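Structure first, then comments.
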Amino acid sequence: GLLALASLTALTILDLSHCNQLSDNGLRTVSGLTNLTSLDLSHCNLVSDGGLLALASLTALTILDLSHCNQLSDNGLRTVSGLTNLTSLDLSHCNLVSDGGLLALAS
């Protein structure tokens, strides 16, 4: 699984979209890939707010796609707000994200 990626520390772009079995535990493995600038987790239905905590170490991220991650809520966005290099963030079809979560991103 994802453990095979752990040694690819120079990786800058990772597309895990539509990985229906990817869970919060899997994201802990990705958290060591600190050179990532682009991460696509769209349509990963098992990723939740807890999984986003693992992404806090990915401070080089400029592009993060979380679209269609149905378990993400405003609480998870508080973690994303620490990724200050983001230039693109896709939260489309994240139905648990509200105006309050977006305000947390802006502050």
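Each residue of the sequence shown is one higher than the last, beginning at 9 in our numbering.
Where is the CB? At the ideal position from N, CA and C, for every residue including glycine.
These numbers were taken from a predicted model, which means no experiment stands behind them.
Between residue i and chain B, is any beta-carbon pair separated by less than 8 Å?
i: Ile21; result: Of the chains in the structure shown, none is chain B; there is only one protein chain.
Check for me: the beta strand (DSSP E) holding residue i runs from which residue to which?
i: Leu97; result: Ser96 to Asp98
i: Leu22; result: Ile21 to Asp23
Taking Cβ positions, are residue i and residue j nearer each other than 8 Å?
i: Ser56; j: Leu41; result: no
i: Leu60; j: Val88; result: yes
i: Thr45; j: Ile71; result: yes
i: Asp98; j: Asp82; result: no
i: Val105; j: Leu91; result: no
i: Cys52; j: Leu16; result: no
So if DSSP puts residue i in a beta bridge, which residue, or which two residues, is it bridged to?
i: Leu72; result: Leu47 and Leu97
i: Ser56; result: Gln79
i: Asp107; result: According to DSSP, Asp107 bridges with nothing at all.
Start and end of the alpha helix (DSSP H) containing residue i?
i: Thr37; result: Asp32 to Val38
Pop quiz: residue i and residue j are said to be a contact at Cβ under 8 Å. What is the actual Cβ separation, rounded to whole angstroms?
i: Asn43; j: Leu19; result: 6 Å
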